[in-house]
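Encoded as C-alpha cells, the structure appears first; notes follow it.
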Amino acid sequence: MDFPINAPIGERVRRKETERFVTGRGRYVDDLLPPGTLHVSFVRSTCAHARIQSMDVDAARAMPGVRAVFTGKEIAQHVKPLRVGGSSMLRTVKLYPLAVDKVRYFGEPLAVVVADNRYLAEDAVDAVSVDYELLPAVIDPEAAMEPGAAVVHEDVGGNIVYKYHFATDGIDKVFQAADVVVKERIRSHRITACPIEPRAYLAQYNKEEDSLTMWSATANPHSLRGRIAEVLSFPEGKIRVIAPDVGGSFGVKIQTYQEELLLPYLSRELGRPIKWCETRVEHMRNGRHGRDQIHYIEMALTKDGTMLGIRDKIIADMGSTYTVDHSILAAALYMTGVYQIQNYAVEALGISTNKTTHGSLRGIGKADASYILERLVDIAALELKMDPIDIRMKNFIPADAFPYRNVTGALYDSGQYHLAMKRTAEIAGYEHLRKEQADLRKKGIYRGIGVALVMEPTSSSRIHATGGYASCRLRIDPSGAATVFSSMGEQGQGHETTIAQIVASQTGIPFDQITVIHGDTLPTPYGFGTGSSRSSVVLMPSAWVAGKLMRDKILGIAARRLNVVPEKLEIGDGQVFAKENSSQSIAVMEIIRTAYGAIHLLPENMEPGLEVTGYFVNPNIDYTPDDKGRMNTFSSYPYAAVIAVVDVDVETGMINIVRYCTVHDCGNMINPQIVETQHQGSIMQGIGAALFEELRYGEDGQLLSSTFMDYRLPSVEEMPALALEHIVTPNPFTPLGAKGAGETGMLGPPPALCNAVEDALSPLSVKIRETPLTPDRILDLIEKAQAKAANG
Amino acid sequence: MAKTISLIVNGKPYSGEAESRTLLAHFLRDGLRLTGTHLGCVVGRCGACTVLWNGRAVKSCMVFAVQADGDEIVTVEGLAQDKRLHPLQESFWKNDAVECGYCTPGMLMSAYGLLSKGNKPTEEQIKRAISGNLCRCTGYGNIVAAIKEAALNFTK
Numbered sequence: 003m004d005f006p007i008n009a010p011i012g013e014r015v016r017r018k019e020t021e022r023f024v025t026g027r028g029r030y031v032d033d034l035l036p037p038g039t040l041h042v043s044f045v046r047s048t049c050a051h052a053r054i055q056s057m058d059v060d061a062a063r064a065m066p067g068v069r070a071v072f073t074g075k076e077i078a079q080h081v082k083p084l085r086v087g088g089s090s091m092l093r094t095v096k097l098y099p100l101a102v103d104k105v106r107y108f109g110e111p112l113a114v115v116v117a118d119n120r121y122l123a124e125d126a127v128d129a130v131s132v133d134y135e136l137l138p139a140v141i142d143p144e145a146a147m148e149p150g151a152a153v154v155h156e157d158v159g160g161n162i163v164y165k166y167h168f169a170t171d172g173i174d175k176v177f178q179a180a181d182v183v184v185k186e187r188i189r190s191h192r193i194t195a196c197p198i199e200p201r202a203y204l205a206q207y208n209k210e211e212d213s214l215t216m217w218s219a220t221a222n223p224h225s226l227r228g229r230i231a232e233v234l235s236f237p238e239g240k241i242r243v244i245a246p247d248v249g250g251s252f253g254v255k256i257q258t259y260q261e262e263l264l265l266p267y268l269s270r271e272l273g274r275p276i277k278w279c280e281t282r283v284e285h286m287r288n289g290r291h292g293r294d295q296i297h298y299i300e301m302a303l304t305k306d307g308t309m310l311g312i313r314d315k316i317i318a319d320m321g322s323t324y325t326v327d328h329s330i331l332a333a334a335l336y337m338t339g340v341y342q343i344q345n346y347a348v349e350a351l352g353i354s355t356n357k358t359t360h361g362s363l364r365g366i367g368k369a370d371a372s373y374i375l376e377r378l379v380d381i382a383a384l385e386l387k388m389d390p391i392d393i394r395m396k397n398f399i400p401a402d403a404f405p406y407r408n409v410t411g412a413l414y415d416s417g418q419y420h421l422a423m424k425r426t427a428e429i430a431g432y433e434h435l436r437k438e439q440a441d442l443r444k445k446g447i448y449r450g451i452g453v454a455l456v457m458e459p460t461s462s463s464r465i466h467a468t469g470g471y472a473s474c475r476l477r478i479d480p481s482g483a484a485t486v487f488s489s490m491g492e493q494g495q496g497h498e499t500t501i502a503q504i505v506a507s508q509t510g511i512p513f514d515q516i517t518v519i520h521g522d523t524l525p526t527p528y529g530f531g532t533g534s535s536r537s538s539v540v541l542m543p544s545a546w547v548a549g550k551l552m553r554d555k556i557l558g559i560a561a562r563r564l565n566v567v568p569e570k571l572e573i574g575d576g577q578v579f580a581k582e583n584s585s586q587s588i589a590v591m592e593i594i595r596t597a598y599g600a601i602h603l604l605p606e607n608m609e610p611g612l613e614v615t616g617y618f619v620n621p622n623i624d625y626t627p628d629d630k631g632r633m634n635t636f637s638s639y640p641y642a643a644v645i646a647v648v649d650v651d652v653e654t655g656m657i658n659i660v661r662y663c664t665v666h667d668c669g670n671m672i673n674p675q676i677v678e679t680q681h682q683g684s685i686m687q688g689i690g691a692a693l694f695e696e697l698r699y700g701e702d703g704q705l706l707s708s709t710f711m712d713y714r715l716p717s718v719e720e721m722p723a724l725a726l727e728h729i730v731t732p733n734p735f736t737p738l739g740a741k742g743a744g745e746t747g748m749l750g751p752p753p754a755l756c757n758a759v760e761d762a763l764s765p766l767s768v769k770i771r772e773t774p775l776t777p778d779r780i781l782d783l784i785e786k787a788q789a790k791a792a793n794g
Numbered sequence: 071m072a073k074t075i076s077l078i079v080n081g082k083p084y085s086g087e088a089e090s091r092t093l094l095a096h097f098l099r100d101g102l103r104l105t106g107t108h109l110g111c112v113v114g115r116c117g118a119c120t121v122l123w124n125g126r127a128v129k130s131c132m133v134f135a136v137q138a139d140g141d142e143i144v145t146v147e148g149l150a151q152d153k154r155l156h157p158l159q160e161s162f163w164k165n166d167a168v169e170c171g172y173c174t175p176g177m178l179m180s181a182y183g184l185l186s187k188g189n190k191p192t193e194e195q196i197k198r199a200i201s202g203n204l205c206r207c208t209g210y211g212n213i214v215a216a217i218k219e220a221a222l223n224f225t226k
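Listed below in C-alpha cells is the structure:
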C-alpha cells in the first residue's frame, strides 16, 4: 500500500495523558460523585451450586441508611436477561443481573442493597439471610462430562456447551507412519487479569430528559450501550455510556457483567445516581477468569526432528455462565503455531462448571495454545536428543513463505522466525550458556535454559461478534486545533498519543494542538471494544484514513487558492506550498478560515467545514469457512522469540530468573516507547502467570485465592534482568504496517520458564505438566522424581 | 460514632466528620474529594492508596481516619508546587513509567517517601521502597529508572 510514514509516526513522543495521571487528576469512575449518589453492595452466594429456597431481606430493608433492597426474582420481572453464547458451536444461556432460582458459582450476586453510603450498604448485606438447597458442585471439567454429573444449566441439557472439530485427511496414517510420537496431558491453569482498578459503575437516570448516563470502567462502551438498551427495553439513542479513565483491563473489562446491567435499572427505579465500585475480593470471584484448558496432545515426527502432524483434544473449563467461545476456538485454530505442520486434528469441548464465568484475558486461547505447543516441542526435542533451538529452526515457517496459510486456514501476514530465534540466541550467548550450565551443574547449581517462540494472533473478527472495523472522526476547529473522536476507549494503551501522532503526520496540525476524545458513546463514532490487540491494526489505520481525508481536503482548498494541482502541493510549518516553488504558498490557518467562513472560495462541490470520519475494516479476515472448514479469524500475527535463564534452588523450590532475553516483532511501531513499555508489562504479567498466580478452587467450589494475599501478582522484586530487542517485519495488510502489540509479551514466560525449569531439573528427571511453578510444587515434583528413581 | 477530626493535608488545614471505622483513604477521597489517592485492594497489598503520614509512606486503606487526627498528610495532589511538576512527576513522564495511571499516585508517594529521607538511594533501596506497590501495566522497569533519575535532582 502506498503510504508515507512521516514523523511524528515512529517517534518516541511523550504520552499526552501522563501529565494528568502523575498529578492525581486522572478521572476514574470511583472519582465521580454526582450530588445525591446512592451506593450499592451485593449479597453474594456463599456456595458454588445451590437452589435458592428462600431469602429474607426484611431486616436489611430496616437498617439505617438503606433505601432499597431487591432480590433476583424481583429484578427478573423488570429486566430482561441478556442472551449470551449462541454461536453455531456454543449453546445459548440467559444471563440475569442477579441469580433468580439457582446460584451457579461462589460469589454470584443474588440480591442488591442500595444505601446512603457503601459502609451502610455492606452492613445491610450482612443482615440478609438466604436458605440454600445445596447441589453437588461441578468443579472438575473432566468429571463434569461423565454421565450422571450434576448439570450447571438444566435448560442446556448437559455440561458440554461447546463443540468444535477439525481434521485433515489421512491424519491417522501420518501418526502410524511416524518414527516418533510424543504424547502428553498438559493443562494451562486458571488465572485472571487483575487490573489494579477493579470494575466500577455509576448510572444516572435523568427524569427530565428520560435519558440515562452510565459511567463504566469498561473497555467496550458502544456494545455496553446496546446491551443496556436491550435488557431495560430503553431506547439506545437515549443512553450515553462514558468510560472515563480506566485503570487497566487486559481483557477483563471488555465483557458485559451482571452488575453493569443492574445499575441503570436501579437509577431509573430510584431516581438517583447509583454507584458501585467492586472490591478486590469481588473482582477475584466475579471478574472473568481465563486459561484453564486441558490438552491431550500428541505430535508425530521423523527421526531427524521434522514435525509431521499434531492431534489434540481440548477440554476447556468455561465456568458457569459462559459468554464467549474465543478461548477454545483460538486454541484449536493455532495449535500448529509457527511450524510448517499441515496434518492436524482437534476435538475441542467447552465444559460448564460451577466456577466463575470464563472470558477474555490478555492472550485468550492463544496463550494456552502457544504454551502447550512450545512445551510439547521441548518434550519432543528431549525424546529425539535434539537441541531445543535446532528442532525449532528445522520446522519454522520460512520468511519467504509469507503470507502463510496454516493448516486451519489462518493466513499469517508476515514473520522472520529464524532471524528472531537466531538473534535471541546471540543476545543470550546461547552456546556459552550451555557450557556454563555444564560447569555449574558440577558445582550443584541447577541452571536451566528455556527456549520458546510464541506467536500471537491479533485483531480478531467474527460474524456477529467483535472487531470488524474501527473509526475516528476528525475535526479541525476554526481556531486551528484538532479534535479526534475515537471509536475505541483506552485503558493505558496510549491512544491519545498515538492517534495524535498519526493525525499530526497527515495534516500538519501540530501534535500539541490535537486532542483525542475516546470512551464516550455520545461524540464518538461506533466501534468495538479495545481487545485482541486490535488498536494498532484497525483503530490507528482509521485515524490514518481520517487524516488522509482531511489532508485531501486541505490540499484541495489550497489547490484552488494557489491554482496548483493538489499532487504538486505539500504541507509543512503551518503552510501549504508548491513542491517546486515554495514561495507559492498559503497558511494552513487561511485554509481553515476558508473552509468555515469564506466558502465561496472552496472548490466546486466541496462541503464546508473541516470534519471527516475515517473507517478502517479489519483486513485479512474470513467470515465463513471454506469447504474444508478452514478460515482466518485474526488479521495479524506478531511473535516473540525467548530464551529464559533460571536457577532453581532445590532446597527451597525457589526459581530465580537470571535473565530473560527476547526479540519481538510487531511490525512497524507508531511509538516504539509505548510498545516497549507495554511489552515489558506484558512479559511481567506472563511471569506472574507462570510462577505465582493461580485461581484455586476447593472441592466444594469455594475460591481459595480471592485476595492479593493468596493470589500473588509479581512485584518489582520479581522483575528479572530483561534484554529486549525488536525486529520489524511490516504487516502488508494495513497501511501503517503495524501488527497487534499488547499480548505477545505475556505468551513467552509460561513456556520459556517451564522449559527452563525442566531443563534445570533434568539431572533429577523432573517433568513439569502442571503450573504455576510455585516453590511447593517444585519441591513436590523433585520429591516425586526422587521417589520414582529410588524405586527404580 | 462520628467525630470531627482535623488534619494538615498538602500543607492546608482541613477538618471533617469521620466515623470511627472510616478509612483514611475514604476520608481523603470522599470527604476531602482528593481523588488522586486510589483504592485497588483494601488489604494493604496493592499500594495504590499510599500517602505520606507524618513523613512516612503508608497505605491509607490500612489507617482509620481518626488515627490521623491532628497529623500531617501528603497526597499526590501535594507534589506539584505552583503548577510546576515535582522532579518525580517529570521523571515518571519522561521515562514512560505510567500507562493506565491507576497505581501511579501510590508509586509516586512511595518514591517520595524514600527520596524524602535525603540519601541517594541504591537500586535495591528503590525496589524495596516500591515493593508494596503493584503495577500491572509497565512491568516496573521504567518506574525504577524514573525514580533513579529523579533522585539525582531531588530536593525535599
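Here the protein sequences line up with chains A and B, keeping their order.
Everything in the first sequence is counted per my numbering, starting at 3 for the first residue and increasing by one.
Everything in the second sequence is counted per my numbering, starting at 71 for the first residue and increasing by one.
Glycine included, C-beta positions come from ideal geometry on N, C-alpha and C.
Values in this document were obtained by computation on a predicted structure and should not be read as measured data.
Query: Contact check, I516/A vs V486/A, beta carbons under 9 Å; Result: yes
Query: Start-to-end residues for the beta strand (DSSP E) that takes in Y213/A; Result: Going by the sequence as given, residue 213/A is Ser instead of Tyr. Its beta strand (DSSP E) spans residues 213-218.
Query: Chain A contact residues for Q159/B, given Cβ-Cβ distances below 7 Å; Result: V24, T25
Query: Every unbroken beta strand (DSSP E) within the segment 112-145 of chain A, with a cutoff of 3 residues, ordered by chain; Result: 131-136
Query: Rounded straight-line distance, which links the Cα of G183/B to that of A221/B; Result: 12 Å
Query: Helix, strand or coil at E772/A [DSSP, three-state]; Result: coil
Query: Candidates I213/B, F224/B, S90/B, K218/B: closest to T679/A by CA position; Result: I213/B
Query: CB contact check: S717/A to chain B, cutoff 9 Å; Result: yes
Query: Extent of the continuous alpha helix (DSSP H) run through I429/A; Result: 419-430
Query: Min CB distance D4/A to chain B below 9 Å; Result: In this predicted model, D4/A has a pLDDT of only 48, less than 50, meaning its place in the structure is not dependable enough to derive any value.
Query: Alpha-carbon spacing of F398/A relative to K305/A, whole angstroms; Result: 17 Å
Query: With 16 other Cβ atoms within 10 Å as the buried cut-off, status of Y414/A; Result: buried
Query: Residues, ordered as in the chain, of the segment 89-109 of chain B that lie near chain A by beta-carbon distance below 9 Å; Result: E89, R91, T92, H96, R99, D100, R103, L104, T105, G106, T107, H108, L109
Query: C-beta atoms of S717/A and N203/B nearer than 9 Å; Result: yes
Query: Residues that DSSP places opposite H520/A in a beta bridge; Result: S488/A
Query: One or two residues paired with V151/B in a DSSP bridge; Result: Here the sequence assigns Gln to residue 151/B, which means Val is not the residue at that position. According to DSSP, Q151/B bridges with R154/B.
Query: Neighbour flag for T192/B against chain A, beta carbons, 9 Å; Result: no
Query: Chain A contact for I210/B (CB, 9 Å cutoff); Result: The question names Ile, but residue 210/B in the sequence shown is Tyr. By this cut-off, Y210/B is an interface position.
Query: Simplified DSSP state of S473/A, which is helix, strand or coil; Result: strand
Query: C-beta neighbour in chain B for D247/A, strict 9 Å; Result: yes
Query: Start-to-end residues for the beta strand (DSSP E) that takes in L122/B; Result: 120-123
Query: Beta-carbon spacing of F513/A, P10/A below 9 Å; Result: yes
Query: Per-residue DSSP class, three states only, for H80/A; Result: coil
Query: Whole-angstrom distance between I312/A and E760/A, CA atom to CA atom; Result: 22 Å
Query: Element boundaries [alpha helix (DSSP H), containing C756/A]; Result: 751-762
Query: Identity of the residues DSSP links to T615/A by a beta bridge; Result: R475/A
Query: Cβ-based neighbour list, H297/A, same chain, cut-off 6 Å, excluding 5 preceding and 5 following; Result: I188, D314, I316, I374
Query: DSSP state of N203/B mapped onto helix, strand, coil; Result: coil
Query: C-alpha gap between D118/A and M552/A, whole angstroms; Result: 50 Å
Query: Contact with chain B by E199/A, beta-carbon distance below 9 Å; Result: yes
Query: Classification of I465/A by the beta-carbon crowding that lies within 10 angstroms, buried from 16 upward; Result: exposed
Query: Neighbouring residues, chain B, relative to C663/A (Cβ below 8 Å); Result: Chain B residues near C663/A: none, gap ~14 Å exceeds 8 Å.
Query: Neighbourhood of I366/A by C-beta, 7 Å cutoff - its chain only, sequence neighbours within 5 removed; Result: G253, G292, H328, S329, A332
Query: Residue-chain proximity (D33/A, chain B), Cβ-Cβ < 9 Å; Result: yes
Query: Sequence-distant residues of the same chain with beta carbon closer than 8 Å to L226/A, five excluded per side; Result: M216, S218, T220, V243, T258, E262
Query: R27/A versus Q151/B - alpha carbon distance; Result: 14 Å
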